[in-house]
Amino acid sequence: MRTLKLVLALALSGSAFGALGAGFVWSLDASPPVAITAEPAGEAPARAEPVVAAIVGHRAEPAPEPTPVAEPAPEAEGEPSVAPSPAADLVEVPALTRLTGLRAFRRLRALGLVPELRDARGRRVAPWERMYRRVEGQSVAAGERVEPGSTVEVIVAAPPIASGY
């Protein structure tokens with residue numbers, strides 16, 4: 001009986017690996033490998049005509065030539081022009097209290113802000129602890145408008161201790 005089990009196990013594993021290997025076999029329609037050769041240093045590479053693949057039932061059209069992009073005119077060297085950032089570019093910081101650290105982190109990242117989760121002692125909270133801790137406070141008040149990419153420090157409480165078992 002033990003020998004029969006061993007033979008069956010080997011046959012099943014052999015067929016499984018055989019099916020897996022069949023997926024890596026090259027098909028007959030595969031293109032042959034192409035050797036890449038370096039151009040001689042003195043010659044410029046010849047520009048090849050673009051190959052346009054036609055879809056069955058559609059007319060093949062050549063690709064349009066790229067148009068050169070005009071460079072902007074240089075500014076006069078005098079006073080540097082600094083445009084004030086409009087209020088539309090600012091992001092409103094949401095209220096994060098009572099959320100889990102993970103939800104607060106995701107909400108701030110979605111707004112383009114950089115969250116920094118810390119505990120009451122000021123130590124950085126590990127990523128795996130974010131879901132267990134609740135937000136107690138934040139460095140930027142809720143409703144305040146800040147620039148995207150600003151850092152918002154979030155203070156999270158220690159996770160509750162399980163008791164009553």
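Just so you know, we're using the working numbering here: the sequence shown kicks off at 1 and counts up by one. Using N, Cα and C, we set each Cβ at its ideal position, and we do this for glycine too.
On the CB-based measure, 16 or more other CB atoms within 10 Å of its CB, does residue i come out buried or exposed?
{"i": "I161", "result": "exposed"}
{"i": "G137", "result": "exposed"}
{"i": "L4", "result": "exposed"}
{"i": "V93", "result": "buried"}
{"i": "R130", "result": "buried"}
{"i": "V7", "result": "exposed"}
{"i": "L117", "result": "buried"}
{"i": "A11", "result": "exposed"}
{"i": "A104", "result": "buried"}
{"i": "G101", "result": "buried"}
List the endpoints of the continuous beta strand (DSSP E) containing residue i.
{"i": "G137", "result": "135-138"}
{"i": "R118", "result": "114-118"}
{"i": "T151", "result": "151-156"}
Below 8 Å on the Cβ atoms is my guess for residue i versus residue j; work out the distance and round it to an integer in Å.
{"i": "R133", "j": "P159", "result": "6 Å"}
{"i": "R107", "j": "L96", "result": "7 Å"}
{"i": "R124", "j": "L90", "result": "About 27 Å; that fails the 8 Å criterion."}
{"i": "V152", "j": "L113", "result": "5 Å"}
{"i": "V135", "j": "V156", "result": "6 Å"}
At what residues does the alpha helix (DSSP H) containing residue i begin and finish?
{"i": "G164", "result": "No alpha helix (DSSP H) holds G164; DSSP gives it neither H nor E."}
{"i": "L102", "result": "101-110"}
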